[in-house]
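Residue numbers (our numbering), protein chains in the order written: chain A, 497 to 849; chain B, 497 to 849. The beta carbon of each residue, even a glycine, is placed where N, CA and C say it ideally should be. The block underneath contains the structure these notes are about, expressed in C-alpha cells.
Protein chains: 2
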Amino acid sequence: MSLHGGDIYKIYRETNIKVIDYSANINSLGVPKNLKKHIKNNINSLVNYPDPNYIDLRNSISKNIKIPMENIIVGNGATEIIFLFIKTLKPKKTLIISPTFAEYERALKENGSEIHYFELSMDEKRFFIDFENLKTELNNFYDLVVFCNPNNPTGSFTKPEEFEDIFRSFPNTKFLIDEAFIDFVENGENFSFKKFRNSNLFIVRAFTKFFAIPGLRLGYGISFDKEILNKIYEIKEPWSLNFFAGSCGTVLLEDKKYIKKTIKTLKREKLRMLKSLNKIKNLKVFESHGNFFLIKLKKITADELYENLLKYGFLIRKCENFKFLDKTFIRIAIKDNKNNKKILKTIKKLIDY
Amino acid sequence: MSLHGGDIYKIYRETNIKVIDYSANINSLGVPKNLKKHIKNNINSLVNYPDPNYIDLRNSISKNIKIPMENIIVGNGATEIIFLFIKTLKPKKTLIISPTFAEYERALKENGSEIHYFELSMDEKRFFIDFENLKTELNNFYDLVVFCNPNNPTGSFTKPEEFEDIFRSFPNTKFLIDEAFIDFVENGENFSFKKFRNSNLFIVRAFTKFFAIPGLRLGYGISFDKEILNKIYEIKEPWSLNFFAGSCGTVLLEDKKYIKKTIKTLKREKLRMLKSLNKIKNLKVFESHGNFFLIKLKKITADELYENLLKYGFLIRKCENFKFLDKTFIRIAIKDNKNNKKILKTIKKLIDY
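Structural data, given as C-alpha cells:
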C-alpha cells in the first residue's frame, strides 16, 4: 500500500520521525477554519445516518459549478467515484494517458480491462499531449480514455478546447477526465471539460487537495449520461460518505476567503520555488499547473534523495512506480514559504555538491 | 433508496416534520461524550490521509475482542465489509436466512449469485432457526449461507453452539455471520461465532448502532482465512474510512462507562416496552435480543400506522420489503423512557380503539 504519497503513519511506525509531508499534494493553508467550526457544532448529528441521497451537498456543488444536481454524484473521495464509474462502464480496452495517478489502473485491472498507455513525452513535449499521435492511437478502437488534468504527477495542463477535435472524432469512445487538481488553476472552473456537456464525458472532482482534507474523504463525479448515472446508483453502497463529509460541502464551497487566499499563496510560492529549483544544477524541474512539482534528478537517484531528506524530516514522493518514469524522478508539494525554503536549501545541499 | 430506516432527511424534505426516529436501531444514549471530545481535539488531523492500514484502529479492536490484528479488516460501516466479502467470494449459490437486512441480497445480486431463502417461521418458531430443516436445505450444495445474529428485524438470537453441528456437516460451505447487533446482548462477546476460529466463517461487526454513530461509518470483519483476506485487500479502495472513523475506535472501545450504561438502560427499557406492548390488544410483539422490536399488527396495516404516527412526529420502519414479512409488520427501536412511553401511548390510541 505504498502506491501513494502521504503514508506518514508507516514512516512514523518505522522510523519514529514525524515528517513534514512533501509527498502528498495538500493545500498548505490547512483545514479551513469554517470547516472546523462546522464540525465542532455538528458532532451530535453523527447519531443520524447520512442522507443517502446527499441532497444538500449535491445542491451546493450544483450551484457552485453551475451544473444541474442530477448530473452530480458524490463519493468517498474521488477514488470511490473512479472505481464506481469503471466498474459500471466495464471498458474492454482502455488508454491511460501516462504517467499518471495509479488508481485508474487498479480499478481497470480489477474490472478486467485491457490497458494501453499513451506516453506523455518528456523530451519533446515536456509531458504535454501530442494530439496528432493521440489521434492516430485512438484509431485502434478504445472504449475508454483516462486523462488527469492538471495531470498528477507531471503538472501539465491541457485546455479543453485542445481536446475538442478528439471528442468529435471518436464518438464511440468514453473519456474519464480527472480534474482533482483543477481548483488550483486560476479561474480553473473556466477550463473544466464540463463545458462540453457531452454524454461521453465523465468528470471526476475532489475536495481533498484544495481544502486540505484528505482525512475527510469527499469527491464527486459529473456525468451527462443518465443511463450510466442510474447504473452507478444501482451498485453504489449507501452512506459511503460519512456525516461530516456529507455536510461540509456548503461550508467549504462558500469559503471564498480561503479559496482566494489559496490561489494567491500558491501562485507566489510556486514562482518562488520554481526560481530556486532552477538555480539547483543537478535537477530539472517541470512547469506545473498543480500544487506540486515533478523533478528529474541528474546526479543521485530518487531513493538516495528520499533517504537523505528523511533524515532532515522531509518526506517526498519517489516516482519510479509511475509508468514511463524511473528512479530519477521525484514529486514535491508546494507548501508554506518557510518549509519550502528549508527543503529547497536541503535539496541543494544534498545534490549540488 | 428507502430500503432502510433512518432516512429522516427525505421525510423532512417532504413533510417539513423533524421526526423522532424509531425506524433506525440506534443507541438512545446518543454520541458518546468521549468521542465528541476526541473529534474536537483532532480536527486538524484531517489534513493528513488516513493510515491506509488503519493499524491503531485494528490494534484496539484486536485487544478488545481478543482476536489477532491480522484477522481483522476495517471498513466504511459494516456495509463495505459485506460488499467486499461477497465481491471477493463470488458465491454461485447462496442461502439467506430470512427475513433479514436487505444489503446482503443487494451485494449478492450485484455479484451474480443465485439466491435462495431459508424462512424463519413466525408461527412455529417465533423466528428462531429450525435446525433440522436447515440441515436438509443445506444438502442442496450452497457456497454461502448468510445469517444475521441477533437478527434484524426479528430480534431472534442463536447461540453459536447450536450452529456447531451445521459447520461440521458442511465443510464446503462458507458462512457470513453478521453480528452488527451483538454488542446489545449482555456479555455478547461470549456468544460470538468468533470462538470457532473456522476458516469457513466470516464475521461482520459494526460500531454504528451500539455507539450511536451511523453518521461516522465504521465497521469491521473477522476472518480466519488468510487467502480471502488477501484477496479483499487487493480490491479494497484505499482510505475508505475517513480520519474520524479511523481514529475513534480506541476512544469508543475504552469507554466502559458508556458500554455499561447502554446495556443497563437497554435491559430496563426493553422490559418496560415489552410489558406495555403486551398490553396493546391489536398487535403481537416478538422477543428481541437487539435494541428494537418486530411487531405484527392485527387491525390496521403498517402503512396506516406509519402515516398516523408521522402526524405525531414518530418515524417507524415498515417491514413489507423484508422477505417473508408483509404489510402487517413494523419494527420500532428501543429509545429513552420518555419517548418510548409517548410512542406506545400513541400506538395504543391508534390501534386499540
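**Prompt:** Taking any Cβ of chain A, which residues in the segment 697-730 of chain B have a Cβ under 7 Å from it, in chain order?
**Reply:** A708, I709, P710, G711, L712 and R713
**Message:** Strictly under 7 Å for the Cβ-Cβ distance: is F739/B near chain A by that measure?
**Reply:** yes
**Enclosing beta strand (DSSP E) for A702/A [first to last residue]** = L697 to A702
**Message:** Quick check: is the beta carbon of E606/A nearer than 7 Å to any beta carbon in chain B?
**Reply:** yes
**Prompt:** Which term fits S665/B, buried or exposed, when burial requires 16 or more other beta carbons within 10 angstroms of its beta carbon?
**Reply:** exposed
**Request:** Determine the extent of the beta strand (DSSP E) in which S617/A is found, giving its start and end residues.
**Result:** Element bounds for S617/A: n/a, residue is neither H nor E.
**Asked** How is E816/B classed by DSSP in three states: helix, strand or coil?
**Response** In this structure, E816/B counts as coil in the three-state DSSP scheme.
**Asked** Should I662/A be counted as a contact of the ligand ZN given a C-beta to heavy atom distance under 6 Å?
**Response** Absence of the ligand ZN from the depicted structure is noted, as is the absence of any ligand whatsoever, leaving it without description.
**Prompt:** Can Y716/A and I611/A be called in contact, C-beta distance under 7 Å?
**Reply:** no
**Asked** Looking at the structure shown, is F788/A part of a helix, part of a strand, or coil, going by DSSP?
**Response** strand
**Request:** Name, please, each residue of chain B whose Cβ falls closer than 7 Å to the Cβ of P564/A.
**Result:** Within chain B, no residue comes near P564/A; the closest Cβ sits about 18 Å away, beyond 7 Å.
**Request:** Taking the CB atoms as reference points, tell me whether V543/A and G526/B lie closer together than 7 Å.
**Result:** Yes, the pair counts as a contact, with Cβ atoms nearer than the cut-off.
**Request:** Determine which residues share a DSSP beta bridge with K589/A and list them.
**Result:** Answer is E610/A, bridged to K589/A.
**Prompt:** Roughly how far, in whole angstroms, is the beta-carbon of M769/A from the beta-carbon of I678/A, given that I think they are within contact range, below 8 Å?
**Reply:** Between I678/A and M769/A the Cβ distance is about 20 Å, and since that is not below 8 Å, they are no contact.
**Prompt:** Are N572/B and L725/B closer than 7 Å when you measure CB to CB?
**Reply:** no
**Prompt:** At a Cβ threshold of 7 Å, is E733/B touching chain A?
**Reply:** Yes, its Cβ sits closer than 7 Å to a Cβ of chain A.
**Message:** 7 Å is my cut-off, CB to CB: does G526/A come that close to chain B?
**Reply:** yes
**Message:** Can you give me the C-alpha to C-alpha distance between V747/A and D626/B, rounded to a whole angstrom?
**Reply:** 53 Å
**Prompt:** Mind pulling the chain B residues with CB within less than 8 Å of A520/A?
**Reply:** N544 and Y545
**Request:** Tell me K670/B's beta-bridge partners as DSSP assigns them.
**Result:** L640/B
**Request:** Over the uninterrupted alpha helix (DSSP H) stretch that includes R664/A, give me the two end residues.
**Result:** P656 to S665
**Prompt:** With a CB to CB cut of under 8 Å and the five nearest residues on each side skipped, what residues in its chain are close to I578/B?
**Reply:** E599, Y600, A603, L672, D674 and V700
**Request:** Determine, using beta-carbon pairs with one atom in the segment 553-569 of chain B and one in the segment 707-721 of chain A, whether at least three such pairs fall under 8 Å.
**Result:** They do not touch, by the three-pair rule.
**Request:** Quick one: give me the first and last residue of the beta strand (DSSP E) that K705/A is part of.
**Result:** First-last for K705/A: undefined, no H or E at that position.
**Item:** Test: N572/B CB closer than 7 Å to a CB of chain A
**Value:** The beta-carbon of N572/B is placed less than 7 Å from the nearest beta-carbon of chain A.
**Asked** Are the C-beta atoms of Y505/A and some chain B residue less than 7 Å apart?
**Response** yes
**Request:** Would you grab the beta carbon distance between F692/B and F653/B for me? Rounded to a whole angstrom, and I think it's under 8 Å.
**Result:** Between F653/B and F692/B the Cβ distance is about 17 Å, and since that is not below 8 Å, they are no contact.
**Residue nearest to L805/A in terms of C-alpha spacing, selected from I513/A, Y505/A and T632/A** = I513/A
**CB contact flag (K794/B, N774/B, <7 Å)** = no
**Item:** N635/B classed as buried or exposed, judged by whether at least 16 other C-beta atoms fall within 10 angstroms
**Value:** exposed
**Prompt:** To the nearest angstrom, how far is it from the Cα of Y518/A to the Cα of F706/A?
**Reply:** 15 Å
**Prompt:** Using CA coordinates, which residue listed in N538/B, E682/B, K819/B and F810/B is at the minimum distance from I839/B?
**Reply:** F810/B
**Prompt:** Which bits of chain A does T575/B rub up against, with CB to CB less than 9 Å?
**Reply:** E733, P734, W735 and S736
**Request:** Could you round the C-beta distance between N530/B and D751/B to whole angstroms and report it? I think they count as a contact, below 8 Å.
**Result:** About 5 Å separates the two Cβ atoms, so the contact holds.
**Asked** Are any of the Cβ atoms in chain A nearer than 7 Å to that of S852/B?
**Response** Absent from the model: residue 852/B. The displayed extent of chain B is 497 to 849, so no value can be given.
**Three-state secondary structure assigned by DSSP to S736/B** = coil
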